[in-house]
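Below is one structure, written out as structure tokens; comments come after it.
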Amino acid sequence: GAGVSQSPSNKVTEKGKDVELRCDPISGHTALYWYRQSLGQGLEFLIYFQGNSAPDKSGLPSDRFSAERTGGSVSTLTIQRTQQEDSAVYLCVEGTWNEQFFGPGTRLTVL
Amino acid sequence: GQQLNQSPQSMFIQEGEDVSMNCTSSSIFNTWLWYKQDPGEGPVLLIALYKAGELTSNGRLTAQFGITRKDSFLNISASIPSDVGIYFCAGLTSGTYKYIFGTGTRLKVLA
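Structure representation (structure tokens):
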């Protein structure tokens, strides 16, 4: 069945370039999260959207990171002036308080 | 960011053996979730726990919500090759929406 989808699945970029990651969530859920998973690490919270409320951006590691959610559905995570330490798998998650549906992730490699 | 302590970090076991892993936290949680992540995929929910002391099974998987509410355990009985993957715990504090994830246990099953 339909699930959370993310694009691209893989992205290789040069240091200093901007990248945009996209998440197409399952319809019907108002909560959307972005997490980052670095090699050998757990999942790091980045940002949370809930309905029309102001997003919780407390997990964004620097001002180079931003995210938006249009129409309460599609979300994009933008990383400006990418650095090598930004290399990770970026996971979009949609869900409720007791279950979260993960997308397959975008693997970002910054050379 | 804040993370749970999950152990062991990795395990190599023989097919048919039982597996145990756990998560500990300095904070009290009201919900514990256990996820499995296959290579190239996002995590998939295995078991959810909502009450201290709760013991819940899902097939060969059994998870427990620790009495202190600061830990949780996952057991896999009679492991099979498809159990290979990374297992994550996640905890949620009452009144919040921000799940805190463990660092993961990487399981490899030798046939």
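Chains as they are written, first to last, in the working numbering: chain R, 18 to 128; chain P, 4 to 114.
Where is the CB? At the ideal position from N, CA and C, for every residue including glycine.
query: For Phe104(P), collect the residues of the same chain with a Cβ closer than 6 Å to its Cβ; drop the 5 residues on either side in sequence, then sort them by chain order.; result: Phe91, Ala93
query: Please report how far the alpha carbon of Ile96(R) lies from the alpha carbon of Ile79(P), in whole angstroms.; result: 39 Å
query: Is Glu85(R) close to chain P, meaning its C-beta is less than 8 Å from at least one C-beta of that chain?; result: no
query: Determine whether the Cβ of Pro121(R) lies closer than 8 Å to any Cβ atom of chain P.; result: yes
query: Are there three or more Cβ pairs, one per stretch, closer than 8 Å when the stretch 46-54 of chain P is compared with the stretch 7-26 of chain P?; result: no
query: Any beta carbon from chain P within less than 8 Å of Glu116(R)'s own beta carbon?; result: yes
query: Pop quiz: Leu7(P) and Cys26(P) are said to be a contact at Cβ under 8 Å. What is the actual Cβ separation, rounded to whole angstroms?; result: 5 Å
query: Under 8 Å, Cβ to Cβ, is there at least one residue of chain P near Gln100(R)?; result: no
query: Going by DSSP, what residues sit across from Asp41(R) in a beta bridge?; result: Ser22(R)
query: Residues in its own chain within less than 6 Å of Thr65(P) by CB, not counting five upstream and five downstream?; result: Asn78
query: Quick check on DSSP: helix, strand or coil for Glu18(P)?; result: coil
query: Just the Cα atoms here: how many angstroms apart are Thr123(R) and Lys32(R)?; result: 17 Å
query: Opposite Asp73(R) in the DSSP bridges: which residues?; result: Tyr65(R)
query: What does DSSP give as the partner residues of Phe68(P) in its beta bridges?; result: Ser75(P)
query: Can you name, in chain order, every residue of its own chain whose Cβ lies under 7 Å from the Cβ of Ser83(R), other than the five neighbours on each side?; result: Thr95
query: Along chain P, in chain order, which residues have C-beta atoms closer than 7 Å to that of Leu108(R)?; result: Gly45
query: Quick check: the Cα distance between Asp80(R) and Val36(R), rounded to an integer number of angstroms?; result: 14 Å
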